[in-house]
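Take 24 as the starting number for the first sequence in my numbering and just add one per residue. Just so you know, even glycine gets a beta-carbon here, dropped at the ideal spot from N, CA and C.
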Amino acid sequence: MRQSKLYTKTRKDAPKDEVSTNAILLTRAGYIHKEMAGVYTMLPLGLRVLTKIENIIRRHMDEIGNELLMTALSPKETWEKTGRLETIDVLMKTMPANKVSEDKSSASYVLGSTHEEMITPIAQEYSRSYKDLPSAFYQIQTKFRNEARAKSGLLRGREFRMKDLYSFHKNADDLNVYYDEAKKVYMNIFNEVGIGADTFITLAGGGDFTKDFSHEFQTLCDAGEDTIFLDRKNNIAYNKEVTDEATAKKLGVDFTKMEQVRACEIGNIFPLNTKFSKAFDYTYVDETGTKQDVYMGCYGIGPTRLMGVVVEKFADEKGLIWPESIAPFSVHLIVLSRDKDGEAYKVAEKIYEAFNKSHVEVLFDDREASAGEKFADSDLIGIPMRVVVSDKSLEKGGVELKERKVDASEIITVDQLLQMYTRPCC
RNA sequence: CGGAAUGUGGUGUAACGGCUAACAUCCCUGGUUUGGGACCAGGUGACUCCGGGUUCGAAUCCCGGCAUUCCGACCA
Numbered sequence: 024m025r026q027s028k029l030y031t032k033t034r035k036d037a038p039k040d041e042v043s044t045n046a047i048l049l050t051r052a053g054y055i056h057k058e059m060a061g062v063y064t065m066l067p068l069g070l071r072v073l074t075k076i077e078n079i080i081r082r083h084m085d086e087i088g089n090e091l092l093m094t095a096l097s098p099k100e101t102w103e104k105t106g107r108l109e110t111i112d113v114l115m116k117t118m119p120a121n122k123v124s125e126d127k128s129s130a131s132y133v134l135g136s137t138h139e140e141m142i143t144p145i146a147q148e149y150s151r152s153y154k155d156l157p158s159a160f161y162q163i164q165t166k167f168r169n170e171a172r173a174k175s176g177l178l179r180g181r182e183f184r185m186k187d188l189y190s191f192h193k194n195a196d197d198l199n200v201y202y203d204e205a206k207k208v209y210m211n212i213f214n215e216v217g218i219g220a221d222t223f224i225t226l227a228g229g230g231d232f233t234k235d236f237s238h239e240f241q242t243l244c245d246a247g248e249d250t251i252f253l254d255r256k257n258n259i260a261y262n263k264e265v266t267d268e269a270t271a272k273k274l275g276v277d278f279t280k281m282e283q284v285r286a287c288e289i290g291n292i293f294p295l296n297t298k299f300s301k302a303f304d305y306t307y308v309d310e311t312g313t314k315q316d317v318y319m320g321c322y323g324i325g326p327t328r329l330m331g332v333v334v335e336k337f338a339d340e341k342g343l344i345w346p347e348s349i350a351p352f353s354v355h356l357i358v359l360s361r362d363k364d365g366e367a368y369k370v371a372e373k374i375y376e377a378f379n380k381s382h383v384e385v386l387f388d389d390r391e392a393s394a395g396e397k398f399a400d401s402d403l404i405g406i407p408m409r410v411v412v413s414d415k416s417l418e419k420g421g422v423e424l425k426e427r428k429v430d431a432s433e434i435i436t437v438d439q440l441l442q443m444y445t446r447p448c449c
C-alpha cells in the first residue's frame with residue numbers, strides 16, 4: 024500500500040484524554056479512534072493488526088472446534104432461564120429507541136457479553152447422542168460489557184473483540200482431556216503472537232461459573248490489572264485472588280516464596296461442568312439409551328486486549344514495535360529524494376512492484392515529506408523492517424535495511440533485498 | 001458504584017472577573033528545502049462541554065448536569 028493513499032495521519036501530540044501507553048501510541052500512529060470511554064474504532068492500520076491476531080487465533084481454533092457466528096442481540100428470555108439477566112451487572116440491554124416504537128414493539132434485547140445462553144440451545148439441537156459428543160463451537164465477535172470503569176485504552180473496553188469457544192462432553196473426564204488440549208492450543212497462539220515467553224497459565228477462581236479453579240493466561244505487563252504469584256520453576260502462576268491459606272494447604276504450595284508480578288489476563292478457560300446444560304435441560308442419550316448430563320467448558324481470548332498488551336510490552340519511546348506475525352505490514356519502504364523522476368524513486372517503485380507481485384506486505388512511503396518526518400512516522404507506526412532508498416544509499420551500493428527494534432542498519436544491494444523477500448517459499 | 005482532577009479552533013496548550021479569546025501544531029496557497037518531525041510569507045478554523053446563578057461585566061466565581069482520566073470497589 025502507498026502511504027500517500029493511507030487516509031490516516033500520525034500526530035505529534037498525545038491525546039489529553041488518554042494516559043495508557045497503548046491508547047496514546049495507537050492513537051498517535053493512527054491505528055484507533057476513540058468514540059467513548061472504552062469504545063474505539065479500528066482505523067485501517069489497527070484493523071490490519073486485529074485481523075492478523077484473529078486469523079492466528081482462528082487457525083489454531085480450527086484444530087479443536089467449528090467456527091460459527093452467533094448474534095450480538097439475544098432475547099431476554101434466554102437469560103432469564105439461567106438467572107443471569109439479574110446477576111451479571113455488566114449486561115447491556117437495549118431499549119425502544121423512541122416514542123414511535125412504543126406502538127409497535129417494546130421488546131428489549133440483551134447485547135451479548137458472553138454466549139453460553141445462546142450456544143447451549145444450539146448444541147442441544149445438534150448434539151443429542153453420545154455419537155455427537157464431544158463437540159465444540161467457537162466464534163470471534165464483538166462483545167458488549169457495561170464495565171463500571173473502562174480503563175487503560177484497549178485493555179478494558181465496553182465494546183471489544185472476543186473469541187469464545189464452548190465445548191460439550193459426555194462426562195467430566197472427557198471435558199478434562201479437552202480442557203488440557205485447549206491449554207496447549209492457547210499457548211501455541213500466544214507463542215505465535217510473540218508473547219508466549221511471558222505468558223503463564225494461572226490458577227484463578229472460577230467466579231460464578233464453577234466451584235473449581237479456572238485457568239487464566241496472564242502475560243507479564245506493568246499496565247495489567249492483576250497481580251500473580253509466579254512459580255517460574257514449575258512454569259505456573261496463581262492469581263492473587265486465590266492465594267489464601269486454604270488454597271496453599273489444598274495445593275501444597277508456599278505462596279510466600281513466590282515472586283509477585285503485575286500481569287494482564289489475555290485469555291481464560293473455565294470448566295462449566297453441568298451449570299448451563301442443567302439450566303437448559305440439555306442431556307444426551309448414551310449407548311444404552313439412558314439420558315446423561317452434558318459437561319461443558321468455555322474458553323475465551325480477547326483479540327483487542329491482546330493487541331493492547333503487545334503494544335504495552337514492546338513499544339519504546341519512539342513508538343510502536345510490532346512482532347512480525349501481527350504487524351500491519353512486513354516492510355516499510357521509504358524513499359528519500361527531492362526528485363520524483365530521479366533514480367531513488369525509480370528504484371523504490373521497482374522494489375514496491377516486486378514486493379507486491381510476491382505478496383510481501385509493504386507500506387511504501389511515497390509522500391513528499393521530509394526525511395525526518397518519514398523516519399519519525401516510521402518509528403511511530405512500528406513496522407518491523409524498514410528499507411530506505413535514497414541517493415545516499417544508492418551511492419553506497421543499494422538500500423538501507425533496518426530492523427525497528429534494533430539501532431544498527433546495513434546497506435544491501437537491491438538484488439539482495441529482492442532475494443530476501445521474494446524467494447519462492449517452501 | 002464511591003473519591004479526586006480536568007473540560008478553550010481538528011490536535012496540544014495560554015489568557016488577573018475587564019480591549020477583537022492568544023500561541024504552537026494540523027490543514028490550505030505560494031516559494032525555498034530533502035538522512036531524523038526543515039524554513040519563509042500569507043490564509044481558513046472557537047457561541048471557551050451543557051443549563052442555571054452572582055456581577056455593570058464571566059473562559060475565569062457559585063450551583064446542577066454531562067463527559068474524560070486517575071485511585072478504589074466490581075470484573076459474570
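Buried versus exposed call for residue i [16 or more other C-beta atoms within 10 Å across all chains shown]
i	result
G395	exposed
K280	exposed
V123	Confidence at V123 is low in this model, with a pLDDT of 49, below 50, so its placement is unreliable and the value that follows should be read with caution. Burial call: exposed.
A205	buried
G312	exposed
Q7	Not covered by the structure: residue 7. The range shown for the chain is 24 to 449.
E418	exposed
E86	exposed
M118	exposed
D362	exposed
P67	exposed
E335	buried
L226	buried
Secondary structure of residue i, DSSP reduced to three states
i	result
Y63	strand
D358	Just to set this straight, residue 358 is Val in the shown sequence, not Asp. It is a strand residue.
S124	Since pLDDT at S124 reaches only 48, below the 50 mark, its modelled position is unreliable, and the value read off the structure follows with that caveat. In this structure, S124 counts as helix in the three-state DSSP scheme.
R151	coil
I87	coil
P326	helix
F352	coil
E41	coil
K35	coil
L108	helix
R255	coil
P144	helix
R390	coil
Y209	helix
A338	coil
D438	helix
D309	coil
M24	coil
V113	coil
M319	strand
K363	coil
Y444	helix
V72	helix
A377	helix
L134	strand
V332	helix
V383	coil
A227	strand
L29	coil
Presumed contact (8 Å Cβ cut-off) between residue i and residue j, rounded CB distance
i	j	result
L424	I406	Not confirmed; about 13 Å, so no contact.
S381	T306	55 Å between Cβ atoms; not a contact.
T64	E58	6 Å
R181	G61	4 Å
Y368	I292	Not confirmed; about 53 Å, so no contact.
L359	V422	Not a contact, Cβ separation roughly 11 Å.
E310	Q241	That belief does not hold up - the Cβ atoms of E310 and Q241 are roughly 41 Å apart, past 8 Å.
F278	A286	Between A286 and F278 the Cβ distance is about 15 Å, and since that is not below 8 Å, they are no contact.
>> With a threshold of 8 Å, are at least 3 pairs of Cβ atoms found where one atom belongs to the segment 331–338 and the other to the segment 357–372?
In response: no
> Quick one: complete alpha helix (DSSP H) runs, 4+ long, within the segment 398–435?
Replying inline: 414–418
> Quick one: complete beta strand (DSSP E) runs, 3+ long, within the segment 155–188?
Replying inline: 158–167
> Should the segment 197–216 be regarded as contacting the segment 340–353, the criterion being three or more beta carbon pairs within less than 8 Å?
Replying inline: yes
>> Quick check: the segment 318–325 against the segment 169–189, are at least 3 beta-carbon pairs closer than 8 Å?
In response: yes
>> Quick check on the DSSP output: what are the complete alpha helix (DSSP H) runs of length 4 or more inside the segment 249–294, in order along the chain?
In response: 268–274
> Within the chosen definition, does the segment 133–152 reach the segment 26–39 through at least 3 CB pairs nearer than 8 Å?
Replying inline: no
> When the Cβ atoms of the segment 88–95 are set against those of the segment 149–166, are three or more pairs found closer than 8 Å?
Replying inline: yes
>> Three Cβ pairs or more, each shorter than 8 Å: is that satisfied between the segment 130–139 and the segment 105–116?
In response: yes
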